[in-house]
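Undergrad:
Numbering (the numbering used here), first residue to last: 6 to 223.
Right under this line is the structure:
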């Protein structure tokens with residue numbers, strides 16, 4: 006019993022990972038884990054049952070928050086870009102622009118990832134779109150597997166910092182700051198991060214040309 010009390014948080018986190026690996030949706034996994042271990046904490050006298058009475062008020066308070074309305078709308082916009090094929094057309098156009106350069110396709114992935122980040126703010130939409138669209142093309146033309154997967158993962162996570170970012174919206178709500186101030190503070194670091202990714206691809210293309218070949222003209 007003492008072991009369970011001392012390690013309740015790591016066990017709860019591990020249980021959440023198990024729920025996600027079993028295929029349950031993230032929202033239901035988080036809710037079920039919270040309620041389940043809340044009941045466990047009440048049984049172990051670590052938490053008062055009165056805290057569960059505040060749960061409906063907390064939920065309605067979040068639903069009535071105008072700032073957080075941007076979260077489902079940005080998610081919906083990312084799904085529209087993914088399902089409509091606009092992201093694929095954008096990658097194809099930018100790939101034709103940078104393709105003749107050594108490592109140009111990887112640079113195009115970072116560029117398009119930054120653009121998708123600036124329009125969706127959703128990591129999953131960017132990473133899934135780039136993975137489905139660009140990874141087979143990069144592997145087909147001889148790109149190194151580690152470089153290709155790393156470029157896709159890195160470009161997708163730019164949506165965490167390049168506005169409009171859902172993370173910045175939630176941080177602004179929790180910190181009581183203006184969303185505009187958060188966006189202005191994150192714009193320059195996000196652009197510098199995208200530039201650093203492109204510079205790394207240039208360096209890899211120079212040091213190891215076989216890992217990032219240029220596309221044929223046709």
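We put the CB at the ideal spot given by N, CA and C, even for glycine. Note that the structure is a prediction, hence the values are computed from the model and not measured.
Take residue 135 as the anchor and find which of 106, 101, 90 has the nearest alpha-carbon.
TA: Ranking the options by Cα distance to residue 135, first place goes to 90.
Undergrad: Give the C-beta separation of residue 35 and residue 21 to the nearest angstrom, bearing in mind that I take them to be a contact with Cβ-Cβ under 8 Å.
TA: With 8 Å as the limit, residue 35 and residue 21 qualify as a contact, their Cβ atoms being about 7 Å apart.
Undergrad: If I measure Cβ to Cβ from residue 147 and keep anything under 6 Å in the same chain, skipping five residues before and after, which residues do I get?
TA: Within the same chain, residue 147 has close Cβ partners 218.
Undergrad: Can you give the Cα-Cα distance for residue 120 and residue 144, rounded to whole angstroms?
TA: Approximately 23 Å between the Cα atoms of the pair.
Undergrad: Could you name the residues of the same chain whose beta carbon sits closer than 8 Å to that of residue 17, not counting the 5 residues immediately before and after it, in chain order?
TA: For residue 17, where only same-chain residues beyond five positions count, the Cβ hits under 8 Å are 38, 42.
Undergrad: Taking the alpha carbon of residue 44 as the point to measure from, which residue in 31, 58, 32 has its own alpha carbon closest?
TA: It is 58.
Undergrad: Just how far apart, CA to CA, sit residue 107 and residue 79?
TA: Distance between the alpha carbons of residue 107 and residue 79: 34 Å.
Undergrad: Does the beta-carbon of residue 183 have 16 or more other beta-carbons within 10 angstroms, so that it is buried, or is it exposed?
TA: Residue 183 should be labelled exposed.
Undergrad: Are there 16 or more other CB atoms within 10 angstroms of the CB of residue 174, so buried, or fewer, so exposed?
TA: That one is buried.
Undergrad: Between the beta-carbon of residue 156 and the beta-carbon of residue 111, is there less than 8 Å?
TA: For residue 156 and residue 111, yes; Cβs fall inside 8 Å.
Undergrad: Just the Cα atoms here: how many angstroms apart are residue 25 and residue 19?
TA: Spanning the two alpha carbons is a distance of roughly 10 Å.
Undergrad: If the criterion is Cβ atoms closer than 8 Å, does the pair residue 139 and residue 86 meet it?
TA: Not a contact, by the Cβ cut-off of 8 Å.
Undergrad: May I have the straight-line CA-CA distance separating residue 55 from residue 200, to the nearest angstrom?
TA: Spanning the two alpha carbons is a distance of roughly 51 Å.
Undergrad: Closest by CA to residue 163, which one among 154, 209, 116, 151?
TA: Selected option, being the one with the closest Cα: 116.
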